[in-house]
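Numbering (the working numbering), first residue to last: -17 to 603. Worksheet: the structure to be examined is printed underneath.
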């Protein structure tokens, strides 16, 4: 895992070393555009907030209005802090969850979409209606063996030398096959024919309103509303996921609510589009943030008629330890007054929610044990235990003691891959990553302003790599794994020192026996492969297709099932058996950047981040 103090030291060094003459803003606009969108906006704000006199090589003085604005902002922030301090519970929990700010639900699904070749198809639904522009392949077998590729012309006809002109326009795919069978049976004795759709005719549609990329799009005739949305980048920050209108000849054909598709799996409203259709993404409606003891922390959009119960459904329900009697509603009034109200689950049912409301659901308090403890501490056992569940802790109870008290492992337990999660560790890791990302953003902004990127030989590559590091630091959500032994015999008979003393809210996860080896990173086919004791490290790399161009073959590392990370020795690399559940990681080669002064400072961050993210991914799987 990234050592927070090392990371902070490196980043402080970077941000403090950026000196030089600032550039005109327009000259580094292109550099900003090379950063990931989320990072770009943050860096842009940091530049905007910097001293404008340095950027323009001119001196300026803040206006009285600007000074007053800053003072009012500071005053409002202080008032909010004072208000929150009145609610010890809320203050404590905001500290706990503050670095894990929920994001608007569903919008991230559009970000990583790479696009498809929408004209090429492998099969078509039976009810697809053929039309001019569709390309077909007709295969003859039996007495006549031939294959013909034909295109339906403007009149709906295709020409076959064996059968002449045939009109398929307006027929469904299934009816076309039936019609072809009838004609062949009558005209070509002993011959059968089959039809396949090779290329679908193009259609033109329009995406307007609150779209990331509004405009005209050429899709195929099999496309639906969701296809058009993904091709156009989905709704922007002001666009609704729940009110998307499909218009045809100026008439409303239907409205798509993507929550039905994303949450309920209901695709009935995902209507097929036609040429000339207009897809209108309407403005976003009421937005409510919910976090804490729910399964999906996010900002959800509510439509008319929906209430707190619907919000809980969207959040995939409450966690087992959610306290239904301590739900905190935070609201900003029209007078900019912050209202904080503690309510129960039943009180919130039917309670009118307003856009911008924030709902925090607290964890259940446990009953008192003695006069010195206000609550009972608990630990959750999950997975391959004989009796998984939540257990109240005894004083100074250890890992081995709790496992024995619970009845021990089931026969399917993979002890070598046991997972120990601690909330305080996860928080420290995330806080360190957030601080690192913030410091690095400041460094990027300063480097752009001072023109430092122009001093290196590969500025575009440096900016993109560093921007991706920041993005990953901000988005990563560590789970707080503590590497320890789950071998009860070893703990009890050989090394008492490794027996962990348990803390409140610890999670112990015992997976079933692993049967795969995962290869990730810069290989041609990153995936999980069936474990075999006859295969070694090199064999699995070969199964993954070998290295991509740009792979760092000298810094390959692996994560063992117990969470330990290490680089393989040469003998182990080629000969030793790999235990099931191991993750092999091939990082990106950064050798070509080794001479860059800026990159030399960033390289330790990059190396540690690769290992950290690999550990998180392995744990998530």
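Built from N, CA and C at the ideal position, the CB exists for glycine as well.
4 or more residues per run - each alpha helix (DSSP H) lying fully within the segment 324 to 389 = Here the runs fully enclosed are 327 to 330 and 381 to 388.
ask   = Hey, how far is the Cα of residue 428 from the Cα of residue 29?
value = Cα to Cα, the separation comes out at about 8 angstroms.
message = Just to confirm, is the Cβ distance from residue 610 to residue 158 under 8 angstroms?
response = In the structure as shown, the chain begins at -17 and stops at 603. Residue 610 is therefore absent and cannot be evaluated.
task = List the DSSP bridge partners of residue 567.
result = 502 and 539, per the DSSP bridge assignment.
request  = Note down, in chain order, each residue of its chain lying with its Cβ closer than 6 angstroms to the Cβ of residue 592, except the 5 sequence neighbours on either side.
outcome  = Within the same chain, residue 592 has close Cβ partners 569.
message = Pull the bridge partners of residue 402 from the DSSP assignment, please.
response = Answer by DSSP bridge pairing, in chain order: 490.
inquiry  = Suppose you measure from the CA of residue 426 to the CA of residue 12; what does that come to, to the nearest Å?
reply    = Using only the alpha carbons, I get a separation of about 14 angstroms.
message = Is any non-hydrogen atom of the ligand SAH found closer than 7 angstroms to the C-beta of residue 507, if you look at the structure I gave you?
response = Absence of the ligand SAH is noted for the structure shown, with no ligands found whatsoever.
ask   = Taking buried to mean at least 16 other C-beta atoms within 10 Å of its own C-beta, is residue 271 buried or exposed?
value = Per the 10 Å Cβ criterion, buried.
query = For residue 244, does the three-state DSSP call read helix, strand or coil?
reply = In the three-state scheme derived from DSSP, where H, G and I count as helix and E and B as strand, residue 244 is classed as helix.
key: Length of the line joining the Cα atoms of residue 141 and residue 220   = Distance between the alpha carbons of residue 141 and residue 220: 51 angstroms.
ask   = Are the CB atoms of residue 192 and residue 263 nearer to each other than 8 angstroms?
value = A contact, by the Cβ cut-off of 8 angstroms.
task = Go ahead and pull the three-state DSSP assignment for residue 142.
result = Secondary structure of residue 142 (DSSP, three-state): strand.
task = Tell me, please, which residues DSSP counts as bridged to residue 154.
result = Bridge pairing for residue 154: 111 [DSSP].
ask   = So is residue 280 buried or exposed if we call it buried at 16+ other beta carbons inside 10 Å?
value = Buried, since its Cβ has 16 or more Cβ neighbours within 10 Å.
Residue 483 versus residue 380 - alpha carbon distance = So the two alpha carbons sit approximately 4 angstroms from each other.
message = I'd like to confirm the pairing. Which residues does DSSP put opposite residue 395 in its beta bridges?
response = Residue 395 is bridged to 494.
ask   = With burial defined as no fewer than 16 other Cβ atoms inside 10 Å of the residue's Cβ, what is the status of residue 112: buried or exposed?
value = Here residue 112 is buried: its Cβ has 16 or more other Cβ atoms, across all protein chains shown, within 10 Å.
query = To which residues does DSSP link residue 201 through a beta bridge?
reply = For residue 201, which the question treats as bridged, DSSP gives the partners 185.
task = Use the C-beta contact count for residue 605: other C-beta atoms within 10 angstroms, 16 or more gives buried, fewer gives exposed.
result = No statement about residue 605 is possible, as the shown extent of the chain runs from -17 to 603 and does not include it.
query = Below 8 angstroms, can you find three or more Cβ-Cβ pairs linking the segment 84 to 95 to the segment 130 to 139?
reply = The segment 130 to 139 and the segment 84 to 95 do not touch, with fewer than three beta-carbon pairs separated by less than 8 angstroms.
Terminal residues of the alpha helix (DSSP H) in which residue 208 lies = Secondary structure note for residue 208: its alpha helix (DSSP H) is the uninterrupted segment 207 to 213.
key: Local conformation of residue 295 per DSSP, three classes   = Judged by DSSP in its simplified three-state form, residue 295 adopts helix.
message = Please report the straight-line C-alpha distance between residue 245 and residue 342, rounded to a whole angstrom.
response = The C-alpha of residue 245 lies about 21 angstroms from the C-alpha of residue 342.
query = From what residue to what residue does the beta strand (DSSP E) around residue 464 run?
reply = That residue, residue 464, is in no beta strand (DSSP E); it is neither H nor E in DSSP.
message = Under 8 angstroms: do the segment 539 to 546 and the segment 560 to 569 share three or more Cβ pairs, one atom per stretch?
response = Touching, yes, given that three or more Cβ pairs across the two stretches are closer than 8 angstroms.
request  = Return the chain-ordered list of same chain residues with a C-beta closer than 8 angstroms to the C-beta of residue 504, the five sequence neighbours on each side being excluded.
outcome  = Excluding residues up to 5 positions away in sequence, 529, 530, 532, 533, 534, 568, 569, 570 and 571 lie with their Cβ nearer than 8 angstroms to the Cβ of residue 504 in the same chain.
query = Given residue 208, which residues of its chain have a CB within under 6 angstroms of its CB, disregarding the five upstream and five downstream residues?
reply = Closer than 6 angstroms at Cβ, skipping near neighbours: 252.
inquiry  = I need the DSSP call for residue 19, collapsed to helix, strand or coil.
reply    = Assignment of residue 19 by DSSP, reduced to helix, strand and coil, places it in the helix class.
inquiry  = Quick check: the Cα distance between residue 195 and residue 536, rounded to an integer number of angstroms?
reply    = Between the alpha carbons of residue 195 and residue 536 lies a distance of about 42 angstroms.
ask   = Name the DSSP bridge partner or partners of residue 254?
value = According to DSSP, residue 254 bridges with 206.
message = Considering only their Cβ atoms, is the gap separating residue 238 from residue 187 smaller than 8 angstroms?
response = Contact: no.
query = To the nearest whole angstrom, what separates the beta carbons of residue 366 and residue 493, a pair I think is in contact under 8 angstroms?
reply = Indeed they touch by this definition, with Cβ atoms about 7 angstroms apart.
ask   = Excluding sequence positions up to five away, which residues of its chain have a Cβ less than 8 angstroms from the Cβ of residue 190?
value = Closer than 8 angstroms at Cβ, skipping near neighbours: 196, 260, 261, 262 and 263.
message = Does residue 287 pass the burial test, meaning 16 or more other C-beta atoms within 10 Å, or should it be called exposed?
response = Residue 287 is exposed by the Cβ-count criterion.
inquiry  = Under DSSP, the alpha helix (DSSP H) around residue 445 begins and ends at which residues?
reply    = In this chain, the alpha helix (DSSP H) harbouring residue 445 covers 441 to 457.
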